[in-house]
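Each remark here refers to the structure printed beneath this line.
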Ligand code: DX5
Ligand code: ZN
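Residue numbers (our numbering): 1260 to 1502.
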């Protein structure tokens, strides 16, 4: 067998081992309602719940931190009335410390804020306030933001959300190079016996989900690959994968 054959075998072995290892932890699928049909939002939430969703991901955009405006606490409150699934609120906004209490009140179970200076808040203080309010605190970083930016906060969060597209819009292509950050987060988690959820968000489909899980992600956010298909249950099964 030539060198390439051996390499291929090594690679397959690595992939299977990594998949087996990471499959020990349950993969959480969090459909992003940003891609849902808002004219019948309640029905969309019921459908993904019946299809096997674990969490509902709510993308909040303010037109300042990102170049798009989505929805606010009122809509999150409406979603809350439709489901008992955990609501995973992702704040892509400026001054998240100011707005977080409104999302707590609306029924969020986890609230993720951004680490970039443009978000304009005291990250540690915001994370503490979210936890004190009874929510799971999460921290996110944009594709251009280095992993080192979140390192000082890893022991203070329940969720690390690695953006795999530049935030603002659904339907973008997955950035494979972000797997380096997922891998580093996974190594940190292993070495600290940590329970932090490693979440990927943007361009997640069956293939990129596999890659993300192999690198250590255990929460998959997916908008387009669920809501823009006919069979939500199949889409969610495909994301979880064969194991
Ligand atoms: C992007 C949002 C994502 C987005 C994912 O700014 O944070 O949650 O809705 O959408 P897809 O799965 O379509 O890439
Ligand atoms: Zn998101």
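Just so it is clear, CB atoms sit at the ideal spot from N, CA and C, and this is done for glycine as well. None of these values were measured; they are calculated from a predicted model.
- In the DSSP assignment, residue 1422 forms a beta bridge with 1460.
- Per DSSP, residue 1339 has no beta bridge partner at all.
- With a threshold of 7 Å, the Cβ atom of residue 1484 does not count as near ligand 2, since no heavy atom of the ligand is closer than that.
- Boundaries of the alpha helix (DSSP H) around residue 1305: 1300-1309.
- With contacts defined as CB atoms closer than 8 Å, residue 1388 and residue 1421 fail to qualify as a contacting pair.
- Ligand 1 has no heavy atom closer than 7 Å to the beta-carbon of residue 1397.
- Contact between the region 1321-1328 and the region 1452-1462 is absent, with fewer than three C-beta pairs closer than 8 Å.
- Here residue 1478 is bridged, per DSSP, to 1287, 1458.
- Residue environment for residue 1450: exposed (fewer than 16 other C-beta atoms within 10 angstroms of its C-beta).
- Around the beta carbon of residue 1448, 16 or more other beta carbons sit within 10 angstroms, so the residue counts as buried.
- Residue 1433 is a Cβ neighbour of residue 1467, given a cutoff of 8 Å.
- Distance from the C-beta of residue 1471 to the nearest heavy atom of ligand 2 is not below 7 Å.
- If you draw a straight line from the Cα of residue 1407 to the Cα of residue 1323, it is about 24 Å long.
- Fewer than three pairs of CB atoms, one per stretch, sit closer than 8 Å, so the region 1372-1380 makes no contact with the region 1339-1347.
- With 6 Å as the limit, the residues whose C-beta approaches a heavy atom of ligand 2 more closely than that are 1291, 1316, 1318, 1349, 1460, 1480, in chain order.
- A Cβ-Cβ distance of about 10 Å is found for the pair residue 1294 and residue 1488, leaving them out of contact under the 8 Å criterion.
- The nearest non-hydrogen atom of ligand 1 is less than 7 Å from the C-beta of residue 1428.
- For residue 1450, the enclosing alpha helix (DSSP H) has its first and last residue at 1438-1450.
- For residue 1315, the enclosing beta strand (DSSP E) stretches over residues 1315-1320.
- Annotation: residue 1435 is outside any beta strand (DSSP E) and is labelled neither H nor E by DSSP.
- Taking a cut-off of 8 Å for Cβ pairs, the region 1308-1317 and the region 1341-1357 touch, as three or more such pairs fall below it.
- At a Cβ-Cβ threshold of 8 Å, residue 1414 and residue 1395 do not count as neighbours.
- Counting only the Cα atoms, residue 1473 lies some 34 Å from residue 1392.
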